[in-house]
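First comes the structure, then the notes that go with it.
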């Protein structure tokens, strides 16, 4: 048999070599065939004359020896994707999920094992066999390979401000719902502020300060795809491009808010592997307010009437004699809040061979809100497939689907906000009454009920009304890679198609009981579809010529975004049961709306990187973006960047020592664009009946009768000179690795100027022109600050490891140029009465030389301790400055010394941006046990506690109040000024610094304990053969908070206006991770 087989094998080998030569000479033909393969998704099996690929491989490598083994860390955990290669050749492989590898190498060659975050291992191989390796961690983070825009780079070679999140695997064990929450406290200069405690609430992320008054959000790029969905458990690494030089490669995609790069787990070759990650826990709201009990409410009300020169109405005595209602004391805050369950499950299956591999993951995330009947339900599925068609041609397909269902509730809108309603509703009532009706003040006590005016049963808000949101996103991305057809050259073509379907269903029932009435029920529907695609083609060339390293990249991108929107409101439902909640059962349609538009963009990108002898590093990039939404002649923007670095420790004259291992200086400059504040439909005429005031109830009368008719109109006047908002940033930094690679230190100073701000023209526009003012480019904002991060990491013997990490960042924000002057030549002031206010309180202004969204307030100087002191507070003419003031009233300062309290006495008093953010983390491991904790905090932010206006002010409705109001009965105190049914001194109605409080805080963000049960698991034969792992983690988020703020929680978000926000919760969880 062998004599017959050998000639056949020799002939096949010869043909194969001949075929490879032909393919190498016909690259264009190969790319055409590959493109057709990508479109058809057909991958032929490698059949070679009836002989298997394994037999051919054995013949080709007949002079090599087989080396197998397993690569683990010092804790015996397998290392995934460690590189095992034969030095001096391109022969190599990577480890699978269990850390196993197989490689054919030449006898006498040297084997090198490397992995990100670990020290390299080299070993000379004389013969084949089994070789296991244990890798030690490399404390120097500068050796890490990190994602950058359109590629990867060694962190030690970077000259821009690029930061990575350490220990992503540990962060994934925390009970959080999104990656944004994971980022808090991880990177200096990246501010993450929670927007309430609803499980679906995305925190506000600001990178190096607010550059635009329109608000900014960083761009998420997932595996090279902007905005793609992903599973939290699938994340491998997170990189933040903080400066304009690193983010400029994404141009207008990035805006001026920075870029967050997320790399996820991909398909790898190896035997089938299953991994499960689960987190189970519960959440409780902390520091909740308390309302007055029935007797205390009566005492407070009697005092308030007495201060107003009146007496308590008779209704209070009537109900107090009732044997049931007079003794009832329902705690409405406890009624609306609950202990909420949280669970997240992720299961992934992966495997494959050298020709084809895939990975399938499914994540289910269920989080109940601590407010009754609120929740976030999310399911995400991902499929990653990789076809290696030839040694230099491969296709990758990523499919993902994300479905999210949210039930939300209003918490901040005065009486209808559920938290305020829980404070204001009288406690001598029941949550429910007979027949399933919501509890209320009984009609037989109408005299008492009318005293409480517009109070609403908070349980009715939570159970009868609802705000349901459902969003579903499907994404398909195909990569076609041509891998080094010429040495150093790689070509990638990527096409992504994504569609989001969204539906909101909003129901408001009738309220006929005593309290705030709502006699008309209402059902609102909103639907939209967002199909979009982008096609990107990238060519990279990387070569090393002696001491010279060269990297070149060019890329083009074409994209289209479409938006189809419709909404309508129906009123007048006779029956409010769920089965009748359809438009066909209503009686009055309110202004249905329907619109559609497209936005198209084209981009060209180029980058060149050069380094010499690991000492000098230079990078330059240029991106040109074309945006269809801009006016003709203004559609394109150019966004360049340059960076340079000098690694001092690589100089020949630098003597090696045990103190300084690496010392590098770097500097960068870059420019990026922003169009986020220009709507996709800018300049497009709309067919609607809502002009001019956009009210759903009022339209425009066209013609001689009273009919409201639809018409074509522009919402704003069109500006043909509108162009890009741009941000330029200079960064100077230092990276150092000290004390035998145990201490990593990074320092950055940045100065960012955002110019040509896109805003609505608010001066020199006539109000009689009949159309809203246009968007213009006007103004400039500056942000500058210092960022420092340090990490000490070391081991004590073989069993004990520990680390200590800290970071701090400062920020100074200023509106340096407010733009065009007023007609009288004075500088304008930007006001926000329609955007940020509570009742009549409008505390925000932006003025030149001040921070954005500064507080503009009257200054107070405590309270008057006696009536005589109030009477003695006079101007130079002997006239009282506050004629109606008494003991306990606020004392307002006559700042401009004009003899009265008025407009000239208002001052700018800071804003909600913290002057400093910081975090401290530490942990240690002993054999299979690990312990970690993180403290995170903020200093210098100011918050406007508008919540006090309703909960401590007796002049706004006869509601129940916060128990803090009892301080007013003890005597004059600044905490609670004199309360009265008339508030003659306007203690609460004036916009003063009494509402302003420090938002500084220190929070125990997370504390966790983990233990590896892998050894116990491997006592079972099945798991031992697969080198399975099992880890359990007990974790607690938001364990405690130290703050002087008197509100519910200092993480208010937005511009710092606290109207009774959904509080951040404490969450205790158990995490399970098993892999086999």
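Residue numbers (our numbering): 1 to 1076. Just so it is clear, CB atoms sit at the ideal spot from N, CA and C, and this is done for glycine as well. Keep in mind that this is a model prediction, so the values were computed, not measured.
Look at residue 1045 here: in three-state DSSP terms it is coil, with no helix or strand label.
Spanning the alpha carbons of residue 650 and residue 555 requires a straight line of approximately 33 Å. Considered as a whole, the region 460-539 harbours 466-483, 489-508 as its complete beta strand (DSSP E) runs of no fewer than 3 residues, in chain order.
The three-state reading of DSSP puts residue 447 in helix, counting H, G and I together.
Secondary structure note for residue 69: its beta strand (DSSP E) is the uninterrupted segment 65-73. Spanning the alpha carbons of residue 357 and residue 171 requires a straight line of approximately 28 Å.
Exclusion of the five residues before and after residue 181 leaves 203 as the residues of its chain whose Cβ lies within less than 7 Å of its Cβ.
Annotation for residue 822: 763, 828 place their beta carbon closer than 6 Å to its own, counting only its chain and skipping 5 residues before and after.
For the pair of segments examined, the region 851-865 was found not to touch the region 925-936: the number of CB pairs separated by less than 8 Å stays below three. For residue 866, the three-state secondary structure derived from DSSP is coil.
If you look at residue 277, you'll find it in the beta strand (DSSP E) that goes 270-285.
According to the DSSP secondary-structure assignment, residue 923 is paired through a beta bridge with 803, 932. Less than 8 Å divides the Cβ of residue 499 from the Cβ of residue 530.
Contact between the region 787-801 and the region 747-762 is established, with three or more Cβ pairs separated by less than 8 Å. When the beta-carbon positions are compared, residue 370 and residue 283 come within less than 8 Å of each other.
DSSP places residue 180 in the uninterrupted alpha helix (DSSP H) bounded by 179-182. Taken atom to atom, the span from the alpha-carbon of residue 574 to that of residue 563 is near 35 Å.
The C-alpha of residue 792 lies about 36 Å from the C-alpha of residue 541. Beyond the five residues adjoining it in sequence on each side, residue 760 comes within less than 7 Å, by CB distance, of 773, 775 in the same chain, given in chain order. Taking 8 Å as the cut-off, the Cβ atoms of residue 1010 and residue 1032 count as close.
In this structure, residue 461 sits away from residue 491, with a CB-CB distance that is not shorter than 8 Å.
At least 8 Å separates the beta-carbon of residue 863 from that of residue 894. In the same chain as residue 469, and ignoring 5 residues on each side of it, the C-beta atoms closer than 6 Å to its own belong to 406, 504, in chain order.
Here residue 950 carries a helix assignment [DSSP, helix/strand/coil].
Counted as a single uninterrupted DSSP element, the alpha helix (DSSP H) harbouring residue 299 occupies residues 294-307.
Secondary structure note for residue 785: its beta strand (DSSP E) is the uninterrupted segment 780-796. Nearest in C-alpha terms to residue 866, of all of 488, 486, 886, is 886. The C-alpha of residue 259 lies about 48 Å from the C-alpha of residue 292. Residue 736 sits buried, since 16 or more C-beta atoms from the chains shown fall within 10 Å of its C-beta. With contacts defined as CB atoms closer than 8 Å, residue 378 and residue 388 fail to qualify as a contacting pair.
In the three-state scheme derived from DSSP, where H, G and I count as helix and E and B as strand, residue 1023 is classed as helix. Taking all protein chains shown into account, residue 868 has fewer than 16 neighbouring C-beta atoms within 10 Å of its C-beta and is therefore exposed. Taking the C-beta atoms as reference points, residue 511 is found no nearer than 8 Å to residue 501.
With respect to the 8 Å criterion, residue 211 and residue 846 are not classified as neighbours on the basis of their beta carbons.
Relative to the Cα of residue 637, the nearest Cα in the group 162, 1004, 643, 756 belongs to 756. Ranked by how close their Cα comes to the Cα of residue 427, the residues 452, 447, 270, 411 have 452 in first place.
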